[in-house]
Amino acid sequence: MNVSFGGSGFLLAFHVGVAKHLQRVGRLTQQSCVAGASGGALVAAAIACKVPLVQVEERLRLSAQAMKSSSEKSLRDHVFGHVMTVFPDDLPSPLRLIVATTEVWPNPGRIVHHSHFQSKEDLANIVVASCHIPFYLTTNFALRYQDTWYIDGCVRSLVPKVPNHVGVNVFPLPEFLSSPNTISPNLLGAAFPFKLAQLVEYSLVPPGDETLNELVHWGEEAAKVYLKQQ
Numbered sequence: 002m003n004v005s006f007g008g009s010g011f012l013l014a015f016h017v018g019v020a021k022h023l024q025r026v027g028r029l030t031q032q033s034c035v036a037g038a039s040g041g042a043l044v045a046a047a048i049a050c051k052v053p054l055v056q057v058e059e060r061l062r063l064s065a066q067a068m069k070s071s072s073e074k075s076l077r078d079h080v081f082g083h084v085m086t087v088f089p090d091d092l093p094s095p096l097r098l099i100v101a102t103t104e105v106w107p108n109p110g111r112i113v114h115h116s117h118f119q120s121k122e123d124l125a126n127i128v129v130a131s132c133h134i135p136f137y138l139t140t141n142f143a144l145r146y147q148d149t150w151y152i153d154g155c156v157r158s159l160v161p162k163v164p165n166h167v168g169v170n171v172f173p174l175p176e177f178l179s180s181p182n183t184i185s186p187n188l189l190g191a192a193f194p195f196k197l198a199q200l201v202e203y204s205l206v207p208p209g210d211e212t213l214n215e216l217v218h219w220g221e222e223a224a225k226v227y228l229k230q231q
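Convert by adding 1 to the 1-based position in the sequence shown; the result is the number in this note's numbering.
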């Protein structure tokens with residue numbers, strides 16, 4: 002199964018839960034292609050680089066705790082540091098990964114799907130660009146990388162649209178806004194305990210460990226329901 006992880010911010014814990022279950026049942030393997038935007042790009046990159054998901058969880062908790070404290074580091078530094086600290090120095094070959102960004106200059110609004118990464122640092126910079134919510138990740142509107150300016154990869158499409166990829170979206174959107182073939186809280190119905198407004202807040206303002214644990218759990222449950230319906 003190929004999977005595309007949507008924008009999520011700190012809600013990427015849901016994506017981790019989805020990925021955990023898909024790996025556990027043998028549907029997400031080293032042969033799978035993965036894509037992602039924003040927080041989903043971080044999860045997709047970790048999977049493609051064979052980083053254990055437990056390490057992704059640990060770094061998420063550390064970043065959440067740091068952002069609640071008087072940490073002098075920007076969120077950009079945490080995302081960049083996540084890749085540089087946890088990911089392998091030598092990227093796997095082939096690297097079955099797409100990271101989505103939104104270009105603001107010189108081609109405003111163009112969605113760019115990056116699939117070639119020269120080094121770990123190159124990958125880290127592109128993942129940071131994919132996560133760059135204007136004035137949130139840093140104090141700047143856009144992030145410059147290799148003479149091009151980018152913002153968050155989910156601005157125009159919450160989940161990167163990649164052929165033959167199952168989407169993962171943490172936000173329970175109305176049916177007319179939801180894409181088919183997507184793993185989302187919509188599959189869980191009334192059992193899912195979080196409202197859309199709560200999730201939007203948690204995506205930007207990190208929740209506590211208990212909530213992050215719940216999101217991992219519900220990601221696993223959504224993946225189970227999706228597979229049963231196939």
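Where is the CB? At the ideal position from N, CA and C, for every residue including glycine.
- Secondary structure note for Arg77: its alpha helix (DSSP H) is the uninterrupted segment Leu76 to Val87.
- Scanning Pro181, Leu124, His79 and Gly110 for the CA closest to the CA of Arg97 turns up Leu124.
- The C-beta distance from His166 to Gly18 rounds to 18 Å, too long to meet the 8 Å contact threshold.
- Looking at the DSSP output, Ile112 sits in a beta bridge with Thr103.
- Counting C-beta pairs closer than 8 Å gives fewer than three between the stretch 178-189 and the stretch 141-150, which falls short of the contact rule.
- The Cβ-Cβ distance between Asp210 and Ala45 does not fall below 9 Å.
- Val4 and Ser70 have their alpha carbons spaced roughly 34 Å apart.
- The beta carbon of Ile134 sits closer than 6 Å to the beta carbons of Asp153 from its chain, once the five residues preceding and following it are set aside; these are given in chain order.
- In the three-state reduction of the DSSP assignment, Tyr203 falls in the helix class, which pools H, G and I.
- A check of alpha carbon separations from Ala192 across Tyr203, Glu215, Ser204 and Val206 identifies Glu215 as the nearest.
- One thing to note: Val100 has its Cβ within 9 Å of the Cβ of Ser131.
- Phe81 counts as buried, since no fewer than 16 other beta carbons sit within 10 angstroms of its beta carbon.
- Separation of Val156 and Thr103 (C-alpha to C-alpha, rounded to the nearest whole angstrom) is 7 Å.
- In the three-state reduction of the DSSP assignment, Arg145 falls in the strand class, which pools E and B.
- In chain order, Ala143, Thr149 and Trp150 place their CB closer than 8 Å to the CB of Trp106, counting only its own chain and leaving out the 5 sequence neighbours on each side.
- Taking each of Val171, Val84, Lys21 and Asn182 in turn and checking the Cα distance to Leu200, the smallest one comes out for Val171.
- Around the beta carbon of Asn126, a 10 Å sphere encloses 16 or more other beta carbons of the protein chains shown; the residue is thus reported as buried.
- By the neighbour-count criterion, in which a residue is buried when 16 or more other Cβ atoms sit within 10 angstroms of its Cβ, Gly37 is buried.
- Assignment of Ser5 by DSSP, reduced to helix, strand and coil, places it in the strand class.
- About 27 Å separates the beta carbon of Val206 from that of Ser180, a gap too long to meet the 8 Å contact definition.
- In chain order, Ala42, Leu43, Ala46, Val80, Val84 and Val100 place their CB closer than 7 Å to the CB of Val128, counting only its own chain and leaving out the 5 sequence neighbours on each side.
- Collapsing the DSSP output to three states places Thr212 in a helix.
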